[in-house]
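Novice:
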Amino acid sequence: MDKLSHYTIRTSDRRVFRRCLRKWSFQSSLRGNWKYRGTEQNINFWFGSAIHFAMEDYHGYNVFGDPRIAFWAYYQAFPEDELPAGAEDYYPLGISMLSYYLTWYKRHNAASDFETALVNLKTGELTDPHHKDPSAQYYPAVEQTFMIPLNVWVAVDENDNIVKTYWNASDLPELFMDDTFILDGKGCKLVPINYHGTIDRVVFDKLGRLWILDYKTAKGADTNKLDTDDQISAYMWAFTKLFGQKPYGFIYLQLTKEAVQEPKRLKNGSLSVDKRQKTTYSLLKQAIIEEYGKVENAPSNIIQFLNYMAEQEAPEGDRFIRWDFVKRSEEELAAHERHIYGELRQMLNPDLYCYPSPTRDCIWDCPVRDWCLALDRNDTSMIEEFMRNFEKRPHDEDGNVDPWRENIPWPDENGMYKDKDGNMKPLPSLEEIIDYDLNMTIELDSDRYASEGTFNFAYEEKE
Ligand code: SF4
Numbered sequence: 002m003d004k005l006s007h008y009t010i011r012t013s014d015r016r017v018f019r020r021c022l023r024k025w026s027f028q029s030s031l032r033g034n035w036k037y038r039g040t041e042q043n044i045n046f047w048f049g050s051a052i053h054f055a056m057e058d059y060h061g062y063n064v065f066g067d068p069r070i071a072f073w074a075y076y077q078a079f080p081e082d083e084l085p086a087g088a089e090d091y092y093p094l095g096i097s098m099l100s101y102y103l104t105w106y107k108r109h110n111a112a113s114d115f116e117t118a119l120v121n122l123k124t125g126e127l128t129d130p131h132h133k134d135p136s137a138q139y140y141p142a143v144e145q146t147f148m149i150p151l152n153v154w155v156a157v158d159e160n161d162n163i164v165k166t167y168w169n170a171s172d173l174p175e176l177f178m179d180d181t182f183i184l185d186g187k188g189c190k191l192v193p194i195n196y197h198g199t200i201d202r203v204v205f206d207k208l209g210r211l212w213i214l215d216y217k218t219a220k221g222a223d224t225n226k227l228d229t230d231d232q233i234s235a236y237m238w239a240f241t242k243l244f245g246q247k248p249y250g251f252i253y254l255q256l257t258k259e260a261v262q263e264p265k266r267l268k269n270g271s272l273s274v275d276k277r278q279k280t281t282y283s284l285l286k287q288a289i290i291e292e293y294g295k296v297e298n299a300p301s302n303i304i305q306f307l308n309y310m311a312e313q314e315a316p317e318g319d320r321f322i323r324w325d326f327v328k329r330s331e332e333e334l335a336a337h338e339r340h341i342y343g344e345l346r347q348m349l350n351p352d353l354y355c356y357p358s359p360t361r362d363c364i365w366d367c368p369v370r371d372w373c374l375a376l377d378r379n380d381t382s383m384i385e386e387f388m389r390n391f392e393k394r395p396h397d398e399d400g401n402v403d404p405w406r407e408n409i410p411w412p413d414e415n416g417m418y419k420d421k422d423g424n425m426k427p428l429p430s431l432e433e434i435i436d437y438d439l440n441m442t443i444e445l446d447s448d449r450y451a452s453e454g455t456f457n458f459a460y461e462e463k464e
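In the numbering used here, the protein residues as written are 2 to 464.
Written as structure tokens, this is what we have:
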């Protein structure tokens with residue numbers, strides 16, 4: 002029974018379900034369950050995983066001692082010919098973003114003093130690191146994958162895994178509790194449906210309150226969506242089910258894919274007041290003090306520009322990194338649970354006709370556009386050609402397998418790691434890691450990270 006328990010829904014599935022039934026039917030584990038063969042080639046998802054891994058290590062076991070070294074280790078986990086196009090460009094960007102994160106976090110975390118929660122290995126309970134039992138064993142609450150049973154069961158065809166019908170657990174016919182049974186003349190298996198997701202980090206604040214913390218890398222921070230964001234609602238709902246207590250709130254931490262730059266200078270060497278420059282208030286202030294001794298001595302247009310830069314920064318952060326603290330009431334979580342079950346009932350309807358929902362976004366948000374077009378043209382050779390790049394995701398994996406994790410060059414107790422050729426080497430110094438991209442061939446274009454042109458493929462989406 003366990004082997005077939007990975008019929009899941011995720012928040013990303015639900016979003017695709019609402020966006021386009023045809024796309025959803027291709028990739029959902031309740032339907033086609035197709036996934037792209039080989040290494041993730043979407044640079045945005047690949048890079049998102051890199052930043053998540055760096056944060057996971059830094060705020061978890063901190064084996065590498067610095068998120069930039071963990072970021073380098075992630076890069077090493079891929080053979081050169083499997084790196085997605087543009088990975089070399091993203092290396093210095095990642096190093097720059099993480100360098101800024103270190104200073105940003107120190108400054109912004111001073112007030113709340115968030116610390117990673119510990120999970121008791123034996124009981125699964127969350128513990129404040131300040132109140133841990135010295136005799137117990139713990140692991141840090143980072144990258145916490147969850148499977149919440151939805152108490153809904155489906156009968157799936159034992160040959161093609163297609164969902165035939167479903168029951169709430171309370172209505173489940175006893176007859177069907179065996180592993181296999183006959184339904185409408187076909188051999189079927191009974192499997193439970195789970196809500197699947199990964200919580201990036203659980204933290205305690207200095208008042209002992211629990212928060213979920215989630216990282217997002219994006220071309221720009223978006224705060225308009227937070228009140229209605231379904232991942233926030235779903236994760237707070239899931240957390241409550243998992244740990245038996247409602248989290249105090251959700252910290253939505255957004256890292257913009259932009260490298261922080263030193264303040265710009267004009268040809269004559271004086272500081273520029275160009276508002277488009279990608280610098281910060283503190284870097285500008287530091288440059289002014291270095292040049293004029295104190296801010297008051299600077300020319301008025303530079304002081305005005307410094308004031309402008311100050312206005313761009315809020316307690317939540319600046320244009321490069323910000324975090325927002327979001328709450329959900331008990332009523333909102335209960336409503337969200339109803340939404341989940343409402344969507345699930347529609348998803349499980351075996352008669353649901355999965356029609357396409359074409360929009361102007363198909364060109365950039367759909368990885369199966371060619372297949373979609375070929376279907377309507379009945380172009381079988383095109384469909385065959387397209388499907389060569391896809392394979393069925395096994396139903397005994399949880400949809401979140403990261404093969405690259407096996408290749409992370411973890412250091413041994415002597416600080417030695419195995420390189421791509423299998424040779425043992427000392428871990429490079431931080432300086433070498435920061436300059437690692439100097440040996441790569443990079444064509445720099447300052448706006449390239451902003452051109453998302455990305456696919457929105459549910460299983461690869463880093464929630
Ligand atoms: S191309 Fe558009 S309509 Fe077709 S499957 Fe993709 S999202 Fe749906």
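We treat Cβ as the ideally placed atom computed from N, Cα and C, and that holds for glycine.
This one's a predicted model, so the numbers in the text were calculated from it and none came from an experiment.
(1) Shortest alpha-carbon distance to Ile303 belongs to which of His396, Gln287, Glu317?
(2) Exposed or buried, what is Ile52 when buried is set at 16 or more other beta-carbons lying within 10 Å of its beta-carbon?
(3) Taking all protein chains shown into account, decide if Met425 is buried (16 or more other Cβ within 10 angstroms of its Cβ) or exposed.
(4) Take Asn390 and list the residues in its own chain whose beta-carbon comes closer than 8 Å to its own, dropping the five residues that flank it on each side.
(5) Nearest-angstrom Cα distance between Pro174 and Ser29?
(6) How big is the Cα-Cα spacing for Ser259 and Met98?
(7) Whose C-alpha, out of Lys207, His337, Tyr216, is nearest the C-alpha of His132?
(8) Quick one: what's got a C-beta closer than 7 Å to Phe72's C-beta in the same chain, skipping five residues either side?
(9) Between the Cα of Thr281 and those of Val296, Arg320, Ala299, Leu119, spot the shortest distance and give me the residue it belongs to.
(10) Does the beta-carbon of Leu119 have 16 or more other beta-carbons within 10 angstroms, so that it is buried, or is it exposed?
(11) When you compare the CB positions of Thr9 and Tyr196, do they come within less than 8 Å of one another, or not?
(12) Got a sec, what are the start and stop residues for the alpha helix (DSSP H) Thr12 sits in?
(13) Is it buried or exposed, Glu41, if we count other Cβ atoms within 10 angstroms and call 16 or more buried?
(14) Here's the rule: buried if 16 or more other CB atoms are within 10 angstroms of the residue's CB, otherwise exposed. What is Asn34?
(15) Can you tell me which of the three DSSP states Arg346 falls into?
(16) Are the CB atoms of Asp231 and Leu214 within a distance shorter than 8 Å?
(17) DSSP state of Thr360, grouped into three classes?
(18) Ignore the nearest five residues each way along the sequence and tell me which others in Gly61's own chain have a CB closer than 7 Å to its CB.
(19) On a CA-only basis, which of Asp438, Asp185, Tyr92, Val204 is nearest Gln145? Give me that one, please.
(20) Where the beta carbon is closer than 6 Å to any heavy atom of ligand 1, which residues qualify, in chain order?
(21) Taking DSSP's pairing of strands, which residues face Phe391 in a bridge?
(22) Along the chain, where does the alpha helix (DSSP H) containing Arg69 start, and where does it finish?
(23) Using the C-alpha atoms, what's the distance from Ala335 back to Thr181?
(24) Could you check what DSSP says for Leu284 in three-state terms: helix, strand or coil?
(25) Whose CA, out of Leu151, Asp90, Glu159, Gly186, lies closest to the CA of Asn169?
(26) Helix, strand or coil: which one does DSSP assign to Asn45?
(27) Please report the distance separating the alpha-carbon of Asp14 from that of Trp25.
(28) Using the rule of at least 16 other Cβ atoms within 10 Å of the residue's Cβ for burial, across every protein chain shown, is Asn350 buried or exposed?
(29) Should Gly49 and Thr218 be called a contact, given that it needs their Cβ atoms to be closer than 8 Å?
(30) Is the separation between the beta-carbon of Ala235 and that of Gly198 shorter than 8 Å?
(31) Name the two residues that bound the continuous beta strand (DSSP E) containing Trp238.
(32) Which whole-angstrom value describes the C-beta separation of Thr224 and Asp325, a residue pair presumed to lie in contact below a C-beta threshold of 8 Å?
(33) Pick helix, strand or coil for Gly477, following the three-state DSSP scheme.
Specialist: With the structure as the only source:
(1) Stepping through the sequence shown from its first residue, residue 303 is reached at position 302. Checked all of His396, Gln287, Glu317; the closest Cα to Ile303 is Gln287.
(2) Position 51 of the sequence shown, counted from the first residue, corresponds to residue 52. Its Cβ being crowded by 16 or more others within 10 Å, Ile52 is buried.
(3) Within the sequence shown, the letter at position 424 stands for residue 425. Classification for Met425: exposed.
(4) Looking up residue 390 in the sequence shown gives position 389. Answer for Asn390: Tyr37, Arg38, listed in chain order.
(5) Residue 174 sits at position 173 when you count from the first residue of the sequence shown. Residue 29 sits at position 28 when you count from the first residue of the sequence shown. Pro174 and Ser29: Cα-Cα distance of roughly 26 Å.
(6) Along the sequence shown, read from residue 1 onward, the residue named residue 259 stands at position 258. Along the sequence shown, read from residue 1 onward, the residue named residue 98 stands at position 97. Sequence check: residue 259 is Glu here, not Ser. The alpha-carbon atoms of Glu259 and Met98 are separated by roughly 7 Å.
(7) In the sequence shown, the residue the question calls residue 132 occupies position 131. Looking at the Cα atoms, Lys207 is the closest of the given residues.
(8) Here residue 72 is taken as the residue at index 71 of the sequence shown, counted from 1. Taken in chain order, the residues that qualify are Ala51, Ala55, Gly95, Ile96, Leu99.
(9) Translated into positions along the sequence shown, residue 281 becomes position 280. With distances taken between Cα atoms, Thr281 lies closest to Arg320.
(10) By one-based count along the sequence shown, residue 119 stands at place 118. Leu119 is buried by the Cβ-count criterion.
(11) Walking along the sequence shown from the start, residue 9 turns up at place 8. Walking along the sequence shown from the start, residue 196 turns up at place 195. In contact: Thr9 and Tyr196 (Cβ atoms closer than 8 Å).
(12) Reading the sequence shown from its first residue, position 11 is the one you call residue 12. 12–20 is the extent of the alpha helix (DSSP H) around Thr12.
(13) As a first step, residue 41 is located in the sequence shown; it is residue number 40 there, counting from the start. Glu41 is buried by the Cβ-count criterion.
(14) One-based indexing of the sequence shown puts residue 34 at position 33. The residue in question, Asn34, is buried, as its Cβ has 16 or more Cβ neighbours within 10 Å.
(15) On the sequence shown, residue 346 is found 345 positions in, with the first residue counted as 1. Helix at Arg346.
(16) For the purposes of this step, residue 214 is taken as the residue at position 213 of the sequence shown. For the purposes of this step, residue 231 is taken as the residue at position 230 of the sequence shown. Their beta carbons are not under 8 Å apart, which means Leu214 does not touch Asp231 by this criterion.
(17) Locating residue 360 in the sequence shown gives position 359, counting from the first residue. In the structure shown, Thr360 sits in coil (DSSP, three-state: anything other than H, G, I, E or B).
(18) What you label residue 61 is simply residue 60 of the sequence shown in a count that begins at 1. Thr117, Pro141, Val143.
(19) Translated into positions along the sequence shown, residue 145 becomes position 144. It is Val204 whose Cα lies nearest to the Cα of Gln145.
(20) Those residues that bring their Cβ nearer than 6 Å to a heavy atom of ligand 1 are Cys21, Arg23, Lys24, Pro357, Ser358, Pro359, Cys363, Cys367, Val369, Arg370, Cys373.
(21) Position 390 of the sequence shown, counted from the first residue, corresponds to residue 391. According to DSSP, which records beta bridges pairwise, Phe391 is partnered with Tyr37.
(22) Within the sequence shown, the letter at position 68 stands for residue 69. First-last of the alpha helix (DSSP H) with Arg69: 68–77.
(23) One-based indexing of the sequence shown puts residue 181 at position 180. One-based indexing of the sequence shown puts residue 335 at position 334. Distance between the alpha carbons of Thr181 and Ala335 is about 35 Å.
(24) As a working note, residue 284 is residue 283 in the sequence shown. Three-state result, Leu284: helix.
(25) Residue numbering aside, residue 169 sits at position 168 when the sequence shown is read from its first letter. The option with the nearest alpha carbon to Asn169 is Leu151.
(26) The residue given as residue 45 occupies position 44 in the sequence shown. Helix at Asn45.
(27) Counting from one through the sequence shown, the residue named residue 14 turns up at place 13. Counting from one through the sequence shown, the residue named residue 25 turns up at place 24. If I take the Cα positions, the gap works out to 7 Å.
(28) Looking up residue 350 in the sequence shown gives position 349. Its Cβ having fewer than 16 others within 10 Å, Asn350 is exposed.
(29) Here residue 49 refers to the residue found at position 48 when the sequence shown is read from its first residue. Here residue 218 refers to the residue found at position 217 when the sequence shown is read from its first residue. Taking 8 Å as the Cβ cut-off, Gly49 and Thr218 qualify as a contacting pair.
(30) Looking up residue 235 in the sequence shown gives position 234. Looking up residue 198 in the sequence shown gives position 197. Against a cut-off of 8 Å, the Cβ pair of Gly198 and Ala235 comes out as a contact.
(31) Taking the first residue of the sequence shown as position 1, residue 238 is located at position 237. Segment 231–244 is the alpha helix (DSSP H) holding Trp238; no beta strand (DSSP E) there.
(32) Mapped onto the sequence shown, residue 224 falls at position 223. Mapped onto the sequence shown, residue 325 falls at position 324. About 6 Å; that satisfies the 8 Å criterion.
(33) Residue 477 falls outside the range modelled here, since the chain spans only 2 to 464, and no answer is possible.
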